[in-house]
Amino acid sequence: MSTPFYVSPQQAMADRAEYARKGIARGRSVVVLQYTDGVLFVAENPSRALHKVSEIYDRIAFAAVGKYNEFENLRIGGVRYADLRGYTYDRDDVTARGLANVYAQTLGTIFSSAAEKPYEVELIVAEVGAGPEDDQIYRLPHDGSIVDEHGSVAVGGNADQISSYLDQRHRDGMTLAEALKLAVESLARDNNGGERTLTAEQLEVAVLDRTRPQQRKFKRLLGRQLSRLLDGHATDVSVDEAEEAPAGPGTDEAPGAS
Amino acid sequence: MEANTRSIGRLPAPFLTPGSSSFMDFLGAHSPDLLPGNRQLPPLKGAVQAPHGTTIVAASFPGGVVLAGDRRATMGNVIAQRDIEKVFPADEYSAVGIAGTAGLAVEMVKLFQLELEHFEKVEGVQLSLEGKANRLSTMIRSNLGMAMQGLAVVPLFAGWDVDRNKGRIFSYDVTGGRSEEHGFAATGSGSVFARGALKKLFREDLTEAQTTTLVVQALYDAADDDSATGGPDLARRIYPIVTVITDEGFRKLTEAQCSEVVRAIHERRLQEPDGPRAALL
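Order-wise, the sequence lines are chains A and B.
By our numbering, the letter at position 50 of the first sequence is numbered 50, and the numbering carries on one by one without gaps.
Each number in our numbering comes from the position in the second sequence (counting from 1) with 258 added on.
Quick look at the structure:
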């Protein structure tokens, strides 16, 4: 004859949010910045195989922090959604807004369903437009809300601090090298205000580059090309000019194949 | 079409089920009616009248492979379209050319391109060239019911094999049977004549430019003897589609480049209408 404890709905939701936030805060951060030719994604991620940043469709990419299996699942769901939509209608009919909506609904349903544990993930969906004013960046927290972001955004462990650092320094019309430098500086600051050094091996960098001639605008920056950009030797090199990066066959011309 | 691409809601289970990297598998689970293979044709008497694409040729050279096709689609004795495109990039390192029922073939190519792209995005690596060729085999086989009713699709697949560092050509039969061709291949109604020309003109050591001339010569010969194959239309500036795949990826010749090749051949044929002659012995 045990009486179940009464837990108020407010308390239940607060507990679930707390649980999700703690899970997300354990991971390293991802930052997304607009630059003059597109959108830059930088993640601190020593793994070359398990990506935090990925291609979804022609002009759309995805970045995530939190629990790998959960956001990987959402990523594949997003690729399937985008490919099905493009197959049913047309490639131009696949939009970041539509995808962000579907993600928000999915996360929101899971968050408020008592039968499931909330996902410990925070996502970013970005789409590159014809010009910087047409770029779209959506941040999707664990509870199914959508935040329309401009300029720069950070998610993950140290997100608040990194965001405010970025907000103060990010400006429109940055070159790729400038934006990358700012992104790495923001990620290199730790909780206590100290600085670490991040090398090319610890970073996962990708761009949605509107100047790419290919239909698929997503491209990973790897190897020598990334090192050169980080060193600031290639301030004005556009992504495709610097494409002799010694990555394996397939990576240069095939976006996402790394 | 299920509600999922229209209405906004939680992604349904097939979207989030892990396991398959194939878009066709996903379609089969989520909306099987969209898979071309699941379409049932009512029993018919006689053949269905629909535009048919004709001749596709391919030839390899030391640095890659060339795939080309003429521009004609016919429906019975009528020219249904003069400027149809029948050669498409499948992905960065391969191309597919199609002969047979044009509508079904274009749909098959669209699904094939998506299948390769989907795998690449989900897995993070490209399929091997053999893997791509096998996927195409499966798709042709799923069209067998249609093929029995006269709506066959018979493609030619060519690509650069990044593992073996060479260009390769695969031909198919109507049941999805796949065979690798060495040197050159042709498919479609004019293929008999095109293959004859290729056989006499092909050499192992041709350059890329010579190989493009070779395939256009073969298409010229096919158009010469096959009424369903369209020759280069100089008046309307409709030239064959010629694509080249090397270790740098897929490239389609521009109209100006094609025009140059076609005009050079045309000039010579004004003197020798049957084209270049091979040695007798």
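We treat Cβ as the ideally placed atom computed from N, Cα and C, and that holds for glycine.
Computed from a predicted model, the values in this text were never measured in an experiment.
May I have the straight-line CA-CA distance separating residue i from residue j, to the nearest angstrom?
| i | j | result |
| --- | --- | --- |
| A/L187 | A/R26 | 15 angstroms |
| B/A481 | B/T312 | 10 angstroms |
| A/V32 | A/V42 | 6 angstroms |
| B/L402 | B/V345 | 22 angstroms |
| A/R21 | A/Q168 | 25 angstroms |
| A/V128 | B/A331 | 38 angstroms |
| B/G308 | B/A360 | Rather than Gly, the amino acid found at residue 308 of chain B in this sequence is Ala. So the two alpha carbons sit approximately 8 angstroms from each other. |
| A/Y6 | B/R268 | 29 angstroms |
| A/V53 | A/F71 | 11 angstroms |
| B/A348 | B/G507 | 11 angstroms |
| A/L180 | A/V207 | 10 angstroms |
| A/L198 | B/F319 | 46 angstroms |
| B/I398 | B/V420 | 25 angstroms |
| B/T275 | B/L414 | 34 angstroms |
| B/R521 | B/H310 | 27 angstroms |
| A/R196 | A/V102 | 37 angstroms |
Within 8 angstroms of any Cβ in chain A, is that where the Cβ of residue i sits?
| i | result |
| --- | --- |
| B/M259 | Low local confidence applies: a pLDDT of 40 at B/M259 is under 50, so the model's placement there is unreliable, with the coordinate-based value given in what follows. So yes, B/M259 belongs to the interface. |
| B/H213 | The structure shown has nothing for residue 213 of chain B, since chain B only spans 259 to 539. |
| B/L274 | yes |
| B/V380 | yes |
| B/F370 | no |
| B/F415 | no |
| B/L394 | no |
| B/L409 | no |
| B/F284 | yes |
How about residue i and residue j: are their beta carbons less than 8 angstroms apart?
| i | j | result |
| --- | --- | --- |
| B/G434 | B/T470 | no |
| B/I356 | B/G425 | no |
| A/A64 | A/R48 | no |
| B/L362 | B/P294 | yes |
| B/L472 | B/L492 | no |
| B/Q371 | B/E378 | no |
| A/L107 | A/G78 | no |
| B/G358 | B/V412 | yes |
| B/Y478 | B/G533 | yes |
| A/V172 | A/P132 | The sequence given here places Asp at residue 172 of chain A; Val does not occur at that position. In this structure, A/P132 lies closer than 8 angstroms to A/D172 by Cβ. |
| B/F281 | B/P272 | no |
| A/R139 | A/V153 | yes |
| A/I24 | A/H142 | yes |
| A/L221 | A/E44 | no |
| B/R494 | B/S517 | no |
So is residue i in contact with chain B if we call contact Cβ pairs under 8 angstroms?
| i | result |
| --- | --- |
| A/D83 | yes |
| A/L123 | no |
| A/Y87 | yes |
| A/S258 | At A/S258 the pLDDT is 34, less than 50, meaning the model places this residue with poor confidence; the figure from the coordinates comes in the next sentence. Answer yes: the Cβ-Cβ gap between A/S258 and chain B drops below 8 angstroms somewhere. |
| A/G223 | no |
| A/I76 | yes |
| A/N73 | yes |
| A/H142 | no |
| A/V102 | yes |
| A/V278 | Only positions 1 to 258 of chain A appear in the structure, and residue 278 of chain A is not among them; the question remains open. |
| A/E55 | yes |
| A/V39 | no |
| A/V288 | Lying before the first or after the last residue shown, residue 288 of chain A is absent from chain A, which here runs from 1 to 258. |
| A/H170 | no |
| A/Q136 | no |
| A/T109 | yes |
| A/T95 | no |
| A/T211 | no |
| A/T36 | no |
| A/T106 | yes |
Quick one: is residue i buried, meaning 16 or more other Cβ sit within 10 Å of its Cβ, or exposed?
| i | result |
| --- | --- |
| A/V39 | buried |
| B/R453 | buried |
| A/Y89 | exposed |
| B/S279 | buried |
| A/T235 | In this predicted model, A/T235 has a pLDDT of only 49, less than 50, meaning its place in the structure is not dependable; the value taken from the coordinates is given anyway. Exposed: under 16 other Cβ atoms inside 10 Å. |
| B/M406 | exposed |
| B/A317 | buried |
| A/P118 | buried |
| B/E438 | exposed |
| B/I337 | exposed |
| A/H150 | exposed |
| B/E381 | exposed |
| B/T465 | exposed |
Would you please state the rounded distance, in angstroms, between the beta carbons of residue i and residue j? I believe it to be under 8 angstroms.
| i | j | result |
| --- | --- | --- |
| A/Q215 | A/D83 | That pair is no contact at about 14 angstroms. |
| A/A114 | A/G144 | Going by Cβ atoms, the distance from A/A114 to A/G144 rounds to 15 angstroms, so no, they are not a contact pair. |
| A/A200 | A/L226 | 5 angstroms |
| A/L176 | A/D15 | About 43 angstroms; that fails the 8 angstroms criterion. |
| A/I137 | A/I124 | 7 angstroms |
Is residue i near the ligand SAM - that is, is its Cβ less than 7 angstroms away from at least one heavy atom of it?
| i | result |
| --- | --- |
| A/V31 | Among the components modelled here there is no ligand, and therefore nothing to report on the ligand SAM. |
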